[in-house]
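Asks: There's a structure below that I have some questions on.
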Amino acid sequence: MWTVNTAAAPAQPWSFVVQQSPTGVGTDTTWFDISPVLVNKHSYIEQIRKFNKDPNLFFRVRCVAGGKTYYSPVIDAYGELNRNEYILAKEMMRKRQLAFSRLEGVSIQIWKKMQRGVPCPRCLDPVTAEVRDSSCEVCAGTGWVVGFDGPYPGCAKFSTTATHKKFADNAEGVDDDRLHKVELLGFPRLIRDDVITECKSDRRYTVDIIERMVEIRRIPIIQFVMVHELSRDQIEHSLGHLAVAQ
Amino acid sequence: MSAPAPIPEVWNGGDFPLAPVHTGRRTPIILRSFFVELARQFYVDPAMQLSPLIKTWSAPNDKSHLWIDVTGRWVDGNVSRRPALLVDVGDLQFSPGGVQGIDNRMGSNLARGEVYQARVATGSVVFAHLALNDAESVLYATNTLDFLDAYAYVIRTDFKFERFQARGIFKPSMRKDQPREWECRVQVDFQFQETCQLKLEAPQLKQITLDTGFPAQQFNMT
């Protein structure tokens, strides 16, 4: 449900559309409509919806009225803070960001793997919708055109946990797995297969495990993730160039 | 694959010339190279592939989009190299090819001091297709299976295999230590017969002639 500030209300009719995004920020390409156009209605109930466990539920309402488009603030489905708690969370994040930037962190860019969008016309199996090319130039192996949304800038602290170069099973090639623990702010929330780029060295990492999260009333402040370093021939190293080419 | 050129004799300046081991026999080292080269020839032409999504191989191997190599090779540098096709030649089992089925003796020519031997070798080779998701590994394995089915007769006749046929294609499996990698294997069974001719000169062995059925590679070592 939503309300309109009648003090500055534009001329009728008002058309509303409920939108959802996996990140809560970004351009219009990350937001997609989940409701039909609602004319002069202030609520919407979805009848059938399937969710996974990823906390990627950010909503807003788009209003078209008087020839202009308006957007509501973005809300999160998992928690809410009162004003004091919001200020506290903001201060905690600010101080942590200061520590990252001044002392112990490096500049990073975050690429969010797309979970919805235009299906890739090149590499998806027409029947099973499986991705048949993990280095597809159109979808970067995700199955959705463009493949990754971003980059979102930030800072993070890296801790190397294990490096082990050895023969793979059956001596089929060499495995060189480099595992790192990364600490960064809680926004945007990371999920598996998101990509982190270390700006200075251009090393790229794929997120594997969300190990721990510091939260206030389910609003993440700091997140700790485990990442694997990607080798230079993988398609994630083309991110940035891929997005521009689209 | 054409027959290699005759091995030249290397004269050490002494009484007896030296020559390297004959490379016409299908020893494991030859078989590994043979199957790797076979796989590379399958994937060299983009027009011959099952799907336009399949990457092709081009020399040199470390700069190719598709990595085709033997297993057991330690690679430094960029170790990801996916997709990949790795060739694994299995055990070679020998069975006697002699007339009595007991040993390898086929016969002898006492006047010339020659003994003829033959044996049957049976083995298998696995083409392991590695990719970053299961559908991709199955796609490459299916492509290889198509080539093997199509060229099995040609390979048998041209390269003197008594048997060369695909035994099976196995369902893709996730690799244990690499959760983002999938593997789909195609297994091929083969069998061939090897013959050789030993020339003995009493009282000591002075001359060895190895004839493996490729006339261009026959040579004498005295």
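Going down the list, the protein sequences come from chains A and B. Add 2 to the 1-based position in the first sequence for my numbering, that's all there is to it. Add 5 to the 1-based position in the second sequence for my numbering, that's all there is to it. Even glycine gets a Cβ: it sits at the ideal position worked out from N, Cα and C.
(1) Quick check on Pro-24 of chain A: buried or exposed, where buried means 16 or more other Cβ atoms within 10 Å of its Cβ?
(2) Between the region 65 to 79 of chain B and the region 155 to 167 of chain B, do at least 3 Cβ pairs fall closer than 8 Å?
(3) Taking C-beta to C-beta, are Ala-157 of chain B and Ile-174 of chain B nearer than 8 Å?
(4) Below 6 Å CB to CB, which residues in the same chain sit around Val-26 of chain B once its five sequence neighbours on both sides are set aside?
(5) Rounded to whole angstroms, what's the CA-CA distance from Asn-86 of chain A to His-239 of chain A? Just pull it up for me.
(6) Does Ala-170 of chain A have its Cβ less than 8 Å from a Cβ in chain B?
(7) Could you confirm whether any beta carbon from chain B is found closer than 8 Å to the beta carbon of Gln-117 of chain A?
(8) Show which residues of chain A have a CB atom less than 8 Å away from the CB atom of Glu-141 of chain B.
(9) Which residue's Cα is closest to the Cα of Ser-178 of chain B: B:Val-41, B:Gln-46, B:Phe-99 and B:Leu-135?
(10) Within 10 Å of its beta-carbon, does Arg-268 of chain A have 16 or more other beta-carbons around it, so buried, or fewer, so exposed?
(11) Taking Cβ-Cβ distances shorter than 8 Å, what residues in chain B pair up with Ser-203 of chain A?
(12) If the cut-off is 8 Å on Cβ atoms, which residues from the region 120 to 132 of chain A count as contacting chain B, listed in chain order?
(13) Our contact map puts Glu-188 of chain B next to Ser-142 of chain B with C-beta atoms below 8 Å; I'd like the distance itself, whole angstroms only.
(14) Could you give the uninterrupted runs of the beta strand (DSSP E) lying entirely in the region 112 to 190 of chain B, keeping only those of 3 residues or more?
(15) Relative to the C-alpha of Phe-152 of chain B, which residue among B:Pro-101, B:Asn-138, B:Arg-124 and B:Phe-169 is closest?
(16) Let me know the secondary structure DSSP gives Tyr-88 of chain A once reduced to three states.
(17) Distance cutoff 8 Å, beta carbons only. Does Asn-148 of chain B sit that close to anything in chain A?
(18) How big is the Cα-Cα spacing for Ser-203 of chain A and Gln-192 of chain B?
(19) With DSSP collapsed to three states, give me the class of Gln-21 of chain A.
(20) Taking only the alpha-carbon atoms, compute the straight-line gap between His-44 of chain A and Leu-90 of chain B and give it to the nearest angstrom.
(21) Within 10 angstroms of the Cβ of Val-120 of chain A, are there 16 or more other Cβ atoms? Answer buried if so, exposed if not.
(22) Could you check if Pro-88 of chain B is buried or exposed, using at least 16 other CB atoms within 10 Å of its CB as the buried criterion?
(23) Whose C-beta lies closer than 6 Å to the C-beta of Asn-58 of chain A among residues of the same chain, with five residues either side of it excluded?
(24) Report yes if the CB atom of Val-294 of chain B is closer than 8 Å to the CB atom of Asp-74 of chain B, and no otherwise.
(25) In chain order, what are the residue ranges of uninterrupted alpha helix (DSSP H) at least 4 long that sit wholly in the region 60 to 131 of chain A?
(26) For chain A, find out if any of its Cβ atoms is closer than 8 Å to the Cβ of Asp-216 of chain B; answer yes or no.
(27) Applying the criterion that 16 or more other CB atoms from any shown protein chain within 10 Å of the CB defines a buried residue, is Asn-7 of chain A buried or exposed?
(28) Rank B:Asn-148, B:Pro-101 and B:Leu-43 by C-alpha distance to the C-alpha of Gln-54 of chain B and give the top, closest one.
(29) Quick test of your reading: Cys-125 of chain A and Arg-134 of chain A, contact by CB under 8 Å. State the CB separation rounded to the nearest angstrom.
(30) Closest to Phe-132 of chain B by C-alpha separation, out of B:Thr-32, B:Arg-30, B:Gly-218 and B:Phe-47, would be which residue?
(31) If you run the structure through DSSP and keep just helix, strand and coil, what is Pro-51 of chain B?
(32) Compare the Cα-Cα distances from Leu-186 of chain A to each of A:Ile-224, A:Tyr-88 and A:Val-63 and report the closest residue.
(33) If you compare alpha carbons, which of B:Asp-93, B:Glu-119 and B:Pro-101 is closest to Asp-171 of chain A?
(34) Are Ile-112 of chain A and Pro-75 of chain A closer than 8 Å when you measure CB to CB?
(35) Would you say Phe-226 of chain A and Lys-183 of chain A are within 8 Å of each other, going by their C-beta atoms?
(36) Given a limit of 7 Å on CB to CB distance, which residues of the region 214 to 248 of chain A reach chain B?
Replies: Taking the structure as given:
(1) Within the first sequence, the letter at position 22 stands for residue 24 of chain A. Counting Cβ neighbours within 10 Å, Pro-24 of chain A comes out buried, since at least 16 surround it.
(2) Because the criterion of three Cβ pairs below 8 Å is not met, the region 65 to 79 of chain B and the region 155 to 167 of chain B do not touch.
(3) The residue you call residue 157 of chain B lines up with position 152 of the second sequence. The residue you call residue 174 of chain B lines up with position 169 of the second sequence. No, the pair does not count as a contact, with Cβ atoms beyond the cut-off.
(4) Counting from 1 along the second sequence, the entry for residue 26 of chain B is found at position 21. Legend: pLDDT at Val-26 of chain B = 36, less than 50; position of this residue unreliable, no value from coordinates given.
(5) Position 84 of the first sequence, counting from 1, holds the residue named residue 86 of chain A. Position 237 of the first sequence, counting from 1, holds the residue named residue 239 of chain A. Taking the CA atoms as reference points, Asn-86 of chain A sits about 42 Å from His-239 of chain A.
(6) Against the first sequence, residue 170 of chain A aligns to sequence position 168. Yes, its Cβ sits closer than 8 Å to a Cβ of chain B.
(7) Taking the first residue of the first sequence as position 1, residue 117 of chain A is located at position 115. Not one chain B Cβ lies under 8 Å of Gln-117 of chain A.
(8) The residue given as residue 141 of chain B occupies position 136 in the second sequence. The contacting residues are Val-133, Arg-134, Asp-135 and Ser-136.
(9) As a working mapping, residue 178 of chain B is identified with position 173 in the second sequence. Among B:Val-41, B:Gln-46, B:Phe-99 and B:Leu-135, the Cα nearest to that of Ser-178 of chain B is on B:Leu-135.
(10) Outside the shown range of chain A (3 to 248) lies residue 268 of chain A, about which nothing can therefore be said.
(11) In the first sequence, the residue the question calls residue 203 of chain A occupies position 201. Going along chain B, no residue has its Cβ under 8 Å from Ser-203 of chain A, so there is no contact; the nearest lies around 16 Å.
(12) Only those residues of the region 120 to 132 of chain A whose C-beta falls short of 8 Å from the nearest C-beta of chain B are listed: Arg-124, Cys-125, Asp-127, Thr-130 and Glu-132.
(13) Residue mapping note: residue 188 of chain B aligns to position 183 of the second sequence, counting from 1. Residue mapping note: residue 142 of chain B aligns to position 137 of the second sequence, counting from 1. Rounded, the Cβ-Cβ distance is 6 Å, consistent with contact.
(14) 119 to 136 and 168 to 174
(15) Start at 1 with the first residue of the second sequence, and residue 152 of chain B comes out as number 147. The residue with the shortest Cα to Cα distance from Phe-152 of chain B is B:Phe-169.
(16) Locating residue 88 of chain A in the first sequence gives position 86, where the first residue counts as 1. In this structure, Tyr-88 of chain A counts as helix in the three-state DSSP scheme.
(17) Here residue 148 of chain B corresponds to residue number 143 of the second sequence, with the count starting at 1. Output row for Asn-148 of chain B: interface = no.
(18) Position 201 of the first sequence, counted from the start, is the residue given in the question as residue 203 of chain A. Position 187 of the second sequence, counted from the start, is the residue given in the question as residue 192 of chain B. The straight-line gap from Cα to Cα measures roughly 42 Å.
(19) If you number the first sequence from 1, residue 21 of chain A lands on position 19. When DSSP states are grouped into helix, strand and coil, Gln-21 of chain A belongs to the strand group.
(20) Working through the first sequence from its first residue, we reach residue 44 of chain A at position 42. Working through the second sequence from its first residue, we reach residue 90 of chain B at position 85. Their backbone Cα atoms lie some 58 Å apart in a straight line.
(21) Numbered from its first residue, the first sequence carries residue 120 of chain A at position 118. Classification for Val-120 of chain A: exposed.
(22) Your numbering for residue 88 of chain B matches position 83 in the second sequence. It counts as buried.
(23) Within the first sequence, numbered from 1, the residue matching residue 58 of chain A stands at position 56. The answer, listed in chain order, is Pro-24.
(24) Residue 294 of chain B lies beyond the range of chain B shown here (6 to 227); nothing can be said about it.
(25) 85 to 101
(26) Indexing the second sequence from 1 puts residue 216 of chain B at position 211. No, no contact with chain A.
(27) Counting from one through the first sequence, the residue named residue 7 of chain A turns up at place 5. Counting Cβ neighbours within 10 Å, Asn-7 of chain A comes out exposed, since fewer than 16 surround it.
(28) Counting from 1 along the second sequence, the entry for residue 54 of chain B is found at position 49. The residue with the shortest Cα to Cα distance from Gln-54 of chain B is B:Asn-148.
(29) Within the first sequence, the letter at position 123 stands for residue 125 of chain A. Within the first sequence, the letter at position 132 stands for residue 134 of chain A. The Cβ separation is near 5 Å, so the contact holds.
(30) As a position in the second sequence, residue 132 of chain B is number 127, starting the count at 1. The option with the nearest alpha carbon to Phe-132 of chain B is B:Phe-47.
(31) Against the second sequence, residue 51 of chain B aligns to sequence position 46. DSSP places Pro-51 of chain B in helix when its eight states are reduced to three.
(32) What you label residue 186 of chain A is simply residue 184 of the first sequence in a count that begins at 1. It is A:Ile-224 whose Cα lies nearest to the Cα of Leu-186 of chain A.
(33) As a first step, residue 171 of chain A is located in the first sequence; it is residue number 169 there, counting from the start. Ranking the options by Cα distance to Asp-171 of chain A, first place goes to B:Asp-93.
(34) Numbered from its first residue, the first sequence carries residue 112 of chain A at position 110. Numbered from its first residue, the first sequence carries residue 75 of chain A at position 73. In this structure, Pro-75 of chain A does not lie closer than 8 Å to Ile-112 of chain A by Cβ.
(35) The count along the first sequence starts at 1 and reaches residue 226 of chain A at position 224. The count along the first sequence starts at 1 and reaches residue 183 of chain A at position 181. Contact: yes.
(36) Ser-233, Arg-234, Asp-235 and Gln-236
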